[in-house]
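*Asks:* My structure is below; once you've seen it, I'll send some questions.
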Amino acid sequence: MTVTTVPKLKASLSEFLGRVKAGEEVLVTERGRVIARLSPPVASPALPESLREMEREGLVKLGTGRLPKNFWSMPRPNDPNGLVMKALLEERADPLSG
92 MTVTTVPKLK ASLSEFLGRV KAGEEVLVTE RGRVIARLSP PVASPALPES LREMEREGLV
152 KLGTGRLPKN FWSMPRPNDP NGLVMKALLE ERADPLSG
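Structure representation (structure tokens):
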């Protein structure tokens, strides 16, 4: 953990942000008192632990929240037997599934 003052942080912001990107925590002081803490972002607490575990194991890839620019013009997948619709309707009909 690094401790710095406001003037030093202002003068070397890029350096301190580089440390934070590398995983280090930076405490900012003013007149000897800690007034801020810069730390790397943590995983979203809204994600269930089971989902984060599946991501670590490579079973799922979490999205970025952004769709490709051409998303709405992309061709739809083929489902000639209607299996996707059937699975959706079965899931919605199951009172224990949701």
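Residue numbers (our numbering): 92 to 189. Ideal placement from N, C-alpha and C gives every residue a C-beta, glycine not left out. Computed from a prediction, not measured in an experiment: that's the story for all the values here.
Using C-beta distances below 6 Å, list every residue in its chain close to P131, excluding the 5 sequence neighbours before and after it, in chain order.
*Replies:* The count along the sequence shown starts at 1 and reaches residue 131 at position 40. The residues are V111, G114.
*Asks:* Where does T95 land, buried or exposed, given buried means 16+ other C-beta within 10 angstroms?
*Replies:* Within the sequence shown, the letter at position 4 stands for residue 95. T95 is buried by the Cβ-count criterion.
*Asks:* Which whole runs of the alpha helix (DSSP H) in the region 130-176 are 4 residues long or more, in chain order?
*Replies:* With a minimum length of 4 residues, the continuous alpha helix (DSSP H) runs that stay inside the region 130-176 are 140-147.
*Asks:* Confirm, please, whether the CB-CB distance from V117 to L129 is below 8 Å.
*Replies:* Along the sequence shown, one-based indexing puts residue 129 at 38. Along the sequence shown, one-based indexing puts residue 117 at 26. In this structure, V117 lies closer than 8 Å to L129 by Cβ.
*Asks:* Just confirm the distance between the C-beta atoms of E146 and L153, as a whole number of angstroms; I'd bet it's less than 8 Å.
*Replies:* By one-based count along the sequence shown, residue 146 stands at place 55. By one-based count along the sequence shown, residue 153 stands at place 62. E146 to L153, Cβ: 5 Å. Contact.
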